[in-house]
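What follows is a short report on a single structure.
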């Protein structure tokens with residue numbers, strides 16, 4: 093079974109998500125942005141979600157995590173929880 097490790101930043105609006113993505117693309121550290129802005133408790137760990145398999149996250153999240161290139165910021169990805177920036181850190 094496939095496994096992936098990822099980190100994310102969860103915010104309330106697409107505009108905020110795009111703003112944070114721009115900051116990261118301009119050199120801000122993903123983990124620091126997560127600590128400062130993420131609405132998810134994982135933000136305090138730099139957005140780290142650990143390792144998980146297909147079906148363990150919501151469908152929109154899974155689709156990106158199991159198809160996106162490694163170590164590139166993806167998003168905004170809208171789910172029932174809000175808007176996410178995702179970065180897949182490993183996949184096997």
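Residue numbers (the working numbering): 93 to 184. Glycine included, C-beta positions come from ideal geometry on N, C-alpha and C. Fair warning: this is a prediction, and the values are worked out from it, not measured in the lab.
Spatial neighbours of residue 106 in its own chain (CB-CB distance under 8 Å, excluding positions within 5 residues in sequence) are listed in chain order as 168, 170, 175. Per DSSP, reduced to three states, the secondary structure at residue 156 is helical. Here DSSP, grouped into helix, strand and coil, assigns residue 168 to strand. The C-beta of residue 111 has fewer than 16 other C-beta atoms within 10 Å across all chains shown, which makes the residue exposed. Under the DSSP assignment, residue 179 falls in the beta strand (DSSP E) whose first and last residues are 174–183. The distance from the Cβ of residue 182 to that of residue 96 is about 7 Å, consistent with a contact at the 8 Å cut-off.
Counting other Cβ atoms within 10 Å of its Cβ, residue 113 reaches 16 or more and is therefore classed as buried.
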